[in-house]
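In what follows, a structure is listed as structure tokens, so that the remarks can point back to it.
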Amino acid sequence: MPRSQGFSSLNNNRPSTGMRPFVVLMIISVLLLTFYLREGDTGIIHGVRGFVTTVTSPIRYAGSAVASPFNALGNIMGNLTASQETLEELRAENEQLTAQVAELSEAQETATRLEQLLGLQSTYNLQSTAARIIGDSGDAWSRTVQINKGTADGLSINMPVCNASGVIGQIIEVSTNTATVRLITDENSGVSAMVQATRAQGILQGQPDGTLRLEYVTTDSDVQEGDIIVTSGIGGVYPKGIPLGTVSSVTRDDNATYYTIVVTPASSGTENNEEVLVITSLTAEQTASDEEVAEANANPQGTARDASSDSGEADQSDGDSASGDGSDGGEESDENAGTIAEAGQGE
Amino acid sequence: MEYRDTAHSQRALAILIAVAAVLQVALAPQISILGGRINFMIILAGVVALMGNASQAVYVGFGAGLLYDLTSPVPVGLMTLILTAGSFLLVQMASAGTSGFSSTSLRFMGIFSVGVCMLNGIALFFMGSERDLLLSLGGHGLMSAVLTTVVSIPFLMLSGSMASSRSGFSAHGYGTRFKSASRGRGRRLR
Numbered sequence: 105m106p107r108s109q110g111f112s113s114l115n116n117n118r119p120s121t122g123m124r125p126f127v128v129l130m131i132i133s134v135l136l137l138t139f140y141l142r143e144g145d146t147g148i149i150h151g152v153r154g155f156v157t158t159v160t161s162p163i164r165y166a167g168s169a170v171a172s173p174f175n176a177l178g179n180i181m182g183n184l185t186a187s188q189e190t191l192e193e194l195r196a197e198n199e200q201l202t203a204q205v206a207e208l209s210e211a212q213e214t215a216t217r218l219e220q221l222l223g224l225q226s227t228y229n230l231q232s233t234a235a236r237i238i239g240d241s242g243d244a245w246s247r248t249v250q251i252n253k254g255t256a257d258g259l260s261i262n263m264p265v266c267n268a269s270g271v272i273g274q275i276i277e278v279s280t281n282t283a284t285v286r287l288i289t290d291e292n293s294g295v296s297a298m299v300q301a302t303r304a305q306g307i308l309q310g311q312p313d314g315t316l317r318l319e320y321v322t323t324d325s326d327v328q329e330g331d332i333i334v335t336s337g338i339g340g341v342y343p344k345g346i347p348l349g350t351v352s353s354v355t356r357d358d359n360a361t362y363y364t365i366v367v368t369p370a371s372s373g374t375e376n377n378e379e380v381l382v383i384t385s386l387t388a389e390q391t392a393s394d395e396e397v398a399e400a401n402a403n404p405q406g407t408a409r410d411a412s413s414d415s416g417e418a419d420q421s422d423g424d425s426a427s428g429d430g431s432d433g434g435e436e437s438d439e440n441a442g443t444i445a446e447a448g449q450g451e
Numbered sequence: 289m290e291y292r293d294t295a296h297s298q299r300a301l302a303i304l305i306a307v308a309a310v311l312q313v314a315l316a317p318q319i320s321i322l323g324g325r326i327n328f329m330i331i332l333a334g335v336v337a338l339m340g341n342a343s344q345a346v347y348v349g350f351g352a353g354l355l356y357d358l359t360s361p362v363p364v365g366l367m368t369l370i371l372t373a374g375s376f377l378l379v380q381m382a383s384a385g386t387s388g389f390s391s392t393s394l395r396f397m398g399i400f401s402v403g404v405c406m407l408n409g410i411a412l413f414f415m416g417s418e419r420d421l422l423l424s425l426g427g428h429g430l431m432s433a434v435l436t437t438v439v440s441i442p443f444l445m446l447s448g449s450m451a452s453s454r455s456g457f458s459a460h461g462y463g464t465r466f467k468s469a470s471r472g473r474g475r476r477l478r
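Respectively, the protein sequence lines represent chains A and B. The opening position of the first sequence corresponds to residue 105 in my numbering, with each subsequent residue numbered one higher. The opening position of the second sequence corresponds to residue 289 in my numbering, with each subsequent residue numbered one higher.
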């Protein structure tokens, strides 16, 4: 009997059920996931991801370039709806001027942002590198952006990133020429923060719905709507005194230890091609000293508003002490102090 | 003839993979609607699985998931695992005839997208990446699934044209994958 008509031929003609590759690839997938979760930030899989990010970055740039005209169109549409009265006045005065404004709005916004960034850099004496946002996260579950600078430009993991309004996030992954920035609105983000007026300490935490909450602020603190929230510098990652947002609501539940404080981010959002500053190193004045950390832990509720307003402004201007004299810190405050110090380390 | 046909379908598959990969890297990060994002890797895995070749579907599902994991800030291996399993299940559920754009293939693609996005959302929640399960599933997951299903239509059409050109050139016809087995059995009986 010819071999082709034998039993082996029947086996060859049977369509593959894919069971063998399925099992093998499932095992590889599980191993990949396990190794990824167990390895540190500099493991092999992170390295491979960095390589892939570097290789694919030209495609990302191309995508960003293709999408940017649509962003500009969106901005123009936004301007038309947002400031209809202003546009009507302008149209009445000079229709040609209105058209010009629409055409140049994007360039004007870029120039303004750059000026503000320069202002931010000089105001806070930041050691920084300018970068540009080239796209958002590829998945819907995280709030991150990609910037066009990487290890080749001296960037590394954990460096804070600011735009003209204030802090926008922190680098979580970096490749040769790109970096991924986790925004402060991401629910995995936590920033050591304080109320500028009273120096009340807390952790600014992103929420699943994209809002911000200042957590672990004890109910004996003085916090009001409209208060400005700034970085406290306790975690050693963010320079102190950089704006994070404004308190939009303060609620206190019965028998609650902490306030529920909702914060409106200083930055209204990130957009494609927006310029940002990556803070590459902190000076001694920009980080909280051991005494300041101890003071903040001892008095996390901060000081009274009237007493602190002057010293608060002085602190802000010269980047000095993070906490004033303050009132007594009881057991509750001590517990809170531990929490803040701990969370600040994980910033 | 079959040789030429195989080469043609392989080339078409390679083009499909390349297009989906480029779109995933270049376009997916730029578009976000109501908290959802288009996942071109789900589309690629789904379209290939609907073609009916189980081994090919599993390999492409694995590769697509890996590319997604490596180009997005997500745990590496998670989408790889989900798409590998999902492709295998889809190819078992759908017969080879579901390739191309039809109500049946769109339904399968919808189920596949929703399943993958929901599983991903649940996994991210239990891994601690997401804190709100409802938002993770209802907001990001469902919206991403809807967007992905809608955008999959041109890909299904493309796969349909691939399948029709393939059957046009074929000497045997590729009606279903069970045909070749019965043909082999018949030969044995003779």
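C-beta atoms are modelled at their ideal positions from N, C-alpha and C, and glycine is treated no differently.
Proximal residues of chain A, C-beta to C-beta of residue i below 8 Å
i                : result
Val313 (chain B) : Thr160, Ile163, Arg164, Gly167, Gly242
Arg299 (chain B) : Chain A residues near Arg299 (chain B): none, gap ~21 Å exceeds 8 Å.
Val346 (chain B) : Gly122, Pro125, Phe126, Leu129
Met339 (chain B) : None at all; the shortest Cβ gap to chain A is about 12 Å.
Local conformation of residue i per DSSP, three classes
i                : result
Val364 (chain B) : coil
Ser417 (chain B) : coil
Cys263 (chain A) : This sequence places Met at residue 263 (chain A); Cys is not what is there. Met263 (chain A): coil per DSSP, three-state reduction.
Ala392 (chain A) : coil
Gly369 (chain A) : Reading off the sequence, residue 369 (chain A) comes out as Pro, not Gly. Three-state DSSP puts Pro369 (chain A) in a strand.
Arg356 (chain A) : coil
Pro442 (chain B) : helix
Tyr356 (chain B) : helix
Asp145 (chain A) : coil
Glu213 (chain A) : helix
Asp240 (chain A) : strand
Pro317 (chain B) : helix
Glu277 (chain A) : strand
Ser232 (chain A) : strand
Val249 (chain A) : strand
Asp424 (chain A) : Residue confidence for Asp424 (chain A) is low, a pLDDT of 36 falling below 50, so the modelled location carries little weight; the figure read from the coordinates is stated next. Residue state, collapsed to three classes: coil.
Thr469 (chain A) : The requested residue 469 (chain A) is not part of the displayed model; chain A covers only 105 to 451.
Leu369 (chain B) : helix
Proximal residues of chain A, C-beta to C-beta of residue i below 7 Å
i                : result
Ser360 (chain B) : Ser241, Gly242, Asp243
Ala373 (chain B) : Met130
Phe400 (chain B) : Neighbours of Phe400 (chain B) on chain A: none; closest Cβ ~16 Å, over 7 Å.
Phe443 (chain B) : Result: empty, since nearest Cβ-Cβ is about 18 Å, beyond 7 Å.
Contact set between residue i and chain B, taken where Cβ atoms lie within less than 8 Å
i                : result
Gln250 (chain A) : Pro317
Tyr140 (chain A) : Pro363, Val364, Gly365
Leu137 (chain A) : Pro363, Val364, Gly365, Leu366, Thr368, Leu369
Cutoff 9 Å: residue i Cβ touching any chain B Cβ
i                : result
Met130 (chain A) : yes
Asp257 (chain A) : no
Val156 (chain A) : yes
Ile276 (chain A) : yes
Arg286 (chain A) : yes
Asn262 (chain A) : no
Leu381 (chain A) : no
Ile149 (chain A) : yes
Ser232 (chain A) : no
Arg153 (chain A) : yes
Asn292 (chain A) : yes
Val295 (chain A) : no
Ser325 (chain A) : no
Val134 (chain A) : yes
Gly450 (chain A) : Here Gly450 (chain A) scores only 40 on pLDDT, less than 50, and its place in the model is too uncertain to base an answer on.
CB contact below 9 Å: residue i versus chain A
i                : result
Ala308 (chain B) : no
Val438 (chain B) : no
Ser447 (chain B) : no
His296 (chain B) : no
Cβ separation of residue i and residue j, assumed to be a contact under 8 Å, to the nearest whole Å
i                : j                : result
Thr368 (chain A) : Gly349 (chain A) : 5 Å
Val364 (chain B) : Ile149 (chain A) : 5 Å
Gly270 (chain A) : Pro347 (chain A) : 3 Å
Ile452 (chain A) : Thr374 (chain A) : This structure gives no information on residue 452 (chain A), because the portion of chain A shown stretches from 105 to 451.
Ala411 (chain B) : Leu366 (chain B) : 6 Å
Asn327 (chain B) : Thr437 (chain B) : Asn327 (chain B) to Thr437 (chain B), Cβ: 10 Å. No contact.
Ala342 (chain B) : Val379 (chain B) : 5 Å
Thr384 (chain A) : Gly258 (chain A) : 6 Å
Ala234 (chain A) : Leu381 (chain A) : 6 Å
Listed by chain order, chain B residues near residue i by CB distance under 7 Å
i                : result
Asp313 (chain A) : Leu423
Ala171 (chain A) : Gln318
Amino acids of chain B, ordered along the chain, whose beta-carbon sits closer than 9 Å to that of residue i
i                : result
Ser372 (chain A) : Those within 9 Å of Ser372 (chain A) in chain B number zero; the least Cβ separation is about 16 Å.
Taking 8 Å as the cut-off, does the region 314-324 of chain A touch the region 267-277 of chain A (at least 3 CB pairs, one atom from each stretch)?
The region 267-277 of chain A vs the region 314-324 of chain A: no contact.
Touching or not, the region 326-342 of chain B and the region 252-266 of chain A, by the rule of three or more beta carbon pairs under 8 Å?
The region 326-342 of chain B makes no contact with the region 252-266 of chain A: fewer than 3 CB pairs, one atom from each, lie closer than 8 Å.
Within 8 Å, do at least three Cβ pairs link the region 326-341 of chain A to the region 380-395 of chain A?
Yes, the region 380-395 of chain A is in contact with the region 326-341 of chain A.
Stretch-stretch touch, CB-based, cutoff 8 Å, three pairs: the region 321-330 of chain A with the region 299-311 of chain A
Between the region 321-330 of chain A and the region 299-311 of chain A there are three or more inter-stretch CB-CB distances shorter than 8 Å, so the stretches are counted as touching.
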